Amino acid sequence: MLEKFLRAIRMLAMVAWVGGLMFFAFVVAPVAFTRLASQHQAGLVVGGTLVILHWIGLAGGILFCLCTGILWLRAEVPARVGFAIEATLTVIMLVVTAYSQFSILPRMEQDRVQAGGEIETADMTNPARVHFERLHVLSERLEGLVLFCGIGVVLVLARESQWPETGKLKEL
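Shown next as structure tokens:
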């Protein structure tokens, strides 16, 4: 019973995070930048959405790691390899997301303010805009890395039912 509950929590946490990343990248950001009146408005929507998505990822990732740790302790050795892969990828996702949330996004906001409030109206040689654009590229790449790792976790999760060792839990 505990194993089924932990597996359900893990699946929900990872699907919310990875699904949110995909929805953000393929729906929210493109629609915001093509439908809203200005890039500034789109940036506010996308930036605000990303902050919320990061919190969902951080909470879900921590929960995923805790549940995976419990399952790892109770599993036979061969199944532990799969759990370790999932946990490692999730820790990478957590570290990158935290870096983006607590370092990159605040610095981008500082640059936006220093550039006069609307980054797209600042001169292309403005140091704040140059720094903002550099951070924006880094942010996109890191979000891509998180999505790539998340897809990896989902693929390993999909194979768990084929691990015969996961059905043999050690007695505590």
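For the sequence shown, the residue numbers in our numbering are 505 to 676.
The beta carbon of each residue, even a glycine, is placed where N, CA and C say it ideally should be.
Model, not experiment: these values are computed from the prediction.
Rank the options by C-alpha distance to the C-alpha of residue i and give the top, closest one.
{"i": "Glu679", "options": "Gly523, Trp521, Gln543 and Trp576", "result": "Because the chain here runs from 505 to 676, residue 679 falls outside it and cannot be looked at."}
{"i": "Gly524", "options": "Arg511, Ala546, Gly656 and Ile560", "result": "Ile560"}
Could you spell out the range, first to last residue, of the alpha helix (DSSP H) harbouring residue i?
{"i": "Ser643", "result": "Pro631 to Arg663"}
{"i": "Leu506", "result": "Leu506 to Phe527"}
{"i": "Leu540", "result": "That residue, Leu540, is in no alpha helix (DSSP H); it is neither H nor E in DSSP."}
{"i": "Glu590", "result": "Val581 to Tyr603"}
{"i": "Asp615", "result": "Leu609 to Gln618"}
Taking the straight line between their C-alpha atoms, what separation do you get for residue i and residue j?
{"i": "Lys672", "j": "Met526", "result": "Because Lys672 carries a pLDDT of 49, less than 50, the predicted location of this residue cannot be relied on, and the following value inherits that uncertainty. Cα to Cα, Lys672 sits roughly 35 Å from Met526."}
{"i": "Leu516", "j": "Gly620", "result": "41 Å"}
{"i": "Phe587", "j": "Phe568", "result": "11 Å"}
{"i": "Phe528", "j": "Gly648", "result": "11 Å"}
{"i": "Leu506", "j": "Ile574", "result": "10 Å"}
{"i": "Ile623", "j": "Pro582", "result": "52 Å"}
{"i": "Leu557", "j": "Glu580", "result": "34 Å"}
Determine whether the beta carbon atoms of residue i and residue j lie at a separation below 8 Å.
{"i": "Leu642", "j": "Ile596", "result": "no"}
{"i": "Leu598", "j": "Gly565", "result": "yes"}
{"i": "Thr553", "j": "Val532", "result": "yes"}
{"i": "Ala536", "j": "Val555", "result": "no"}
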